[in-house]
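Take the sequence shown: its position 429, counted from the start at 1, is 447 in my numbering, and no numbers get skipped. For every residue, glycine included, the Cβ atom is placed at its ideal position computed from N, Cα and C. Read the structure below first, then the notes.
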Amino acid sequence: MSARSATPPTAADLLASPPATPTPSARAALLRAVLTQAGLEYYRADAPSLSDAAYDRLYRELEALEADDPSLRTPDSPTQRVGVAVQSALGEHLHLVRMMSLDNAMNDDEVAKWEGSLVRLVGERVRTSGYSVELKIDGAAISLTYADGVLVRGATRGDGTTGEDVTANVRTIRDVPLRLAGTGHPPLMEIRGEVYLRFDDFEQLNAQRTAHGEPPFVNPRNSAAGSLRQLDTRITASRPLRFFGYQAVLPDGTTPARSQWALLEQLRGWGIPVAPLARQCHTLGEIAEWAHDIEFTQRATLGFAIDGGVIKADDVALQLEAGVRNDRTPRWAIARKFAPDIATTVLEKIMVSVGRTGALTPYAVLRPVEVGGATVTYATLHNFEQVKAKDLREGDVVQVVRAGDVIPRVLGPDPSKRDGSQHAWRFPEVCPSCATPVELDAGGILRFCPNIGCPGRQLEGIVHFASRKAMDIEGLSYERIQQLLHAGLIATAADLYDLSDDQLAALDRFAETSARNLVQAIAASKAQPLSRLLFALGIRHVGETAARLLARQFGTMPALRAATVADINAIHGIGEAIAQSVVDFFASDTGAALVDALAAHGVCMDEPNAVVAEGPFTGKTIVLTGTLPTLSRGEATALIERLGGKVTSSVSKKTDLVVAGADAGSKLEKATQLGVAVIDEAELLARAGAAA
Ligand SMILES: [Zn+2]
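In structure tokens form, the structure reads like this:
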């Protein structure tokens, strides 16, 4: 039954095996199968086996066949997905079996209470057979009726008994199979699930709407529900709706599997998408662990909204035994609610922050709101293009989400809540910190303050200077730097080296010991190599890797400072943008003054691992093996690299030299076999010493 056990044929495979008798009906059936498979490959996988052109050609061929003989236009034909007819109103659909609603458990204790009552009802057996726990998708519930495996009806939940007939719209959802995969389908069955939108699709959809002057949607759930109920199915077809199934019911109220877990497997086998991260649990501890993992870890990267988990007694026989309360709430299942990950609040203000490289980033100041279990006041807005695309305005009622990132983001505004006082936001023309005119980067999207001396850059700049991968000054936290700037004790990173114990101890929240420790940590950072200092300076485009390359190649700060754009650009791995940025930095008053001040304070301006222009090992490939008497593996490697050599891990014909220590094994044997020269540590040091 499982569709996952064997690799299904691709659309190209299907096309390559035409029917023996090429009647129009057989050809149409082949085209339906090929196009359906191609659609799945396009939508669910990244490797379509047919080109777009081939798809279009086959699609038009099928359309022509169906136009010639309308009896060939079956309900599962891919031509029925596009949606053409405009309906005057939605019909009604009486659900085969009532669509239930679940009781809610707000926490682990309420789950335990529910589980206890279920055990009293059906006994300990429910624990032995276990529970199926699944994500609760925050979308629009639908019911799909399949007759002998063919989709014949799609309906909204409605009041649970009667829903709206949205068949034509459901057909346009590419996740919904028009014909179920596999064989042996029940004559009549309803598959229930949830129609939803992914956050990225939702944001893209809203950007398109804004670009066309249409109001954006409020949140993914509303837009999924609204899209399903469109009278013009072409509109539904244009929306990136998706579907997850979780239940199947037969007319007698039973389900076509012995357990919920087996049902999920069965649904997958039929080609119905099933939500990820479902698990089988046997104890309350396992259920709680699952719920916490989803709520606090997995949820952030799912890419779509969930509002909790659903816990179901796995054994269908026990489900029937436990029964339903008031004809609407099953006793064998419960919704474990999570704190909402989407919340509504007011976008009070759009502000712009200055990064250490001068990048200007808009961010939202929100009326404080609880999202995903935390109070949120700020949200990132990424860049001006996003603010424009989402049409965010100060004073808007907005939806905020904590998903895909630790930093919350604003999904979009609710334009219906506007009272006319909200106006389109304009990016400031000058830097909010130093009033220098804002510049656009080459890509035309990112804005930045070109003033290297911008005070707005100082805080972020000093935070970066002290950070672990830069000068690594322990105890110099963000708050401490803010405090020092505020007290007027520092203005640049170089001023850190003037700080005294007494100055710090006079500040709030500084004990004498911590003041002394911080001054010591700052002094210790003077010994950091040039590579770290270059990274710490926060030169635009100079990351850790570029800083290391520059330091190794030039060896000293004065050498780098004297270099031209062409000199720097000549280094492998350093592009022109970096080279120009380095030269600009040293040419600027602020950059030059900062470096001079650091040098005056005795900060190290050399790279111990710098490459010697011409060394005894230049162009040589060297292998280290065994334990050397005094040098560590790292020290020996650094020594060889500094003198122009390259250290590799295995011996080959290309190896020039092997340095062997105690307990040298197979590498030494190999070197002897290949006739590669072998030396010991003393010889290595002698050759290195001769060069120094
Ligand atoms: Zn500025």
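Check, Outcome
"CB of Ile352 within 8 angstroms of CB of Ile329, strictly", "yes"
"Separation of Pro238 from Phe220, as counted between CA atoms", "6 angstroms"
"C-beta atoms of Ala377 and Leu464 nearer than 8 angstroms", "yes"
"Closest Cα partner of Ile480 within the set Ile589, Ala509, Asp459, Ile209", "Ala509"
"C-alpha gap between Ala252 and Ala186, whole angstroms", "The question names Ala, but residue 252 in the sequence shown is Arg. The alpha-carbon atoms of Arg252 and Ala186 are separated by roughly 10 angstroms."
"Backbone CA spacing between Ala695 and Ala678 [nearest angstrom]", "10 angstroms"
"Of the listed residues Ser69, Val428, Arg216, Ala523, nearest to Thr319 (C-alpha basis)", "Arg216"
"C-alpha distance - Lys355 paired with Val129, whole-angstrom precision", "10 angstroms"
"Spatial distance of Pro205 from Asn122 (CA atoms)", "34 angstroms"
"Simplified DSSP state of Met714, which is helix, strand or coil", "Because residue 714 is not part of the residues shown, which for the chain are 19 to 710, the question remains open."
"Through-space distance from Pro93 to Val102, alpha-carbon basis", "Here the model assigns Val102 a pLDDT of 47, short of 50, so the residue's position is not dependable and the matter cannot be decided."
"Reference Arg385; option with closest CA among Lys406, Glu403, Ala361", "Ala361"
"Same chain, Cβ closer than 7 angstroms to Leu514, neighbours up to 5 away in sequence not counted", "Ile508, Ile540"
"Quiz: which residues have CB nearer than 6 angstroms to ligand 1 non-hydrogen atoms", "Val372, Cys449, Ser451, Cys452, Thr454, Cys467, Asn469, Cys472, Gly474"
"Nonlocal neighbours in the same chain, by C-beta distance under 8 angstroms from Lys435, ignoring five residues either side", "Asp414, Val415"
"Residues sharing a beta bridge with Gly462, DSSP", "Beta-bridge pairing links Gly462 to no other residue."
"Coarse secondary structure for Gln316, derived from DSSP in three states", "helix"
"Local conformation of Leu502 per DSSP, three classes", "helix"
"C-beta contact flag for Glu653 and Gly573 at 8 angstroms", "no"
"Identity of the residues DSSP links to Asp183 by a beta bridge", "Gly109, Ala173"
"Burial state of Glu403, where buried means 16 or more other Cβ atoms lie within 10 Å", "exposed"
"Outcome for Phe314 when other beta-carbon atoms lying within 10 angstroms are tallied against a minimum of 16", "exposed"
"Sequence ranges, beta strand (DSSP E) only - wholly within the stretch 584-657, length at least 3", "639-643"
"Spatial neighbours of Tyr214 in its chain, beta-carbon cut-off 8 angstroms, leaving aside the 5 residues before and after", "Ile155, Asp156, Gly157, Ala158, Pro238, Arg239, Ala242, Leu259, Arg260, Phe261, Phe262, Phe322, Ala323"
"Continuous alpha helix (DSSP H) stretch holding Asp31: start and end", "29-33"
"C-beta atoms of Thr97 and Leu80 nearer than 8 angstroms", "yes"
"Per DSSP, the bridge partner or partners of Lys330", "Ser150, Ala351"
"Boundaries (first-last residue) of the beta strand (DSSP E) holding Pro294", "That residue, Pro294, is in no beta strand (DSSP E); it is neither H nor E in DSSP."
"Among Leu692, Trp350, Asp681, the one whose alpha carbon lies nearest that of Asp698", "Asp681"
"CB-CB length for Val370 against Ala397, believed under 8 angstroms", "14 angstroms between Cβ atoms; not a contact."
"Given Trp308 as reference, the closest of Ala85, Asp126, Gly271 once Cα atoms are compared", "Asp126"
"Minimum C-alpha distance to Val383 - residue among Lys406, Glu208, Ala407, Arg411", "Arg411"
"Three-pair Cβ contact test at 8 angstroms for the stretch 218-236 versus the stretch 173-185", "no"
"Close-in-space but distant-in-sequence residues of the same chain around Ala275 (CB under 6 angstroms, 5 per side omitted)", "Leu281, Gln284"
"Straight-line Cα distance separating Gly287 from Arg22", "At Arg22 the pLDDT is 42, less than 50, meaning the model places this residue with poor confidence; the figure from the coordinates comes in the next sentence. Looking at the two C-alpha atoms, the distance is approximately 7 angstroms."
"Beta bridge counterpart(s) of Asn401 as assigned by DSSP", "Note: Asn401 sits in no beta bridge, so no partner."
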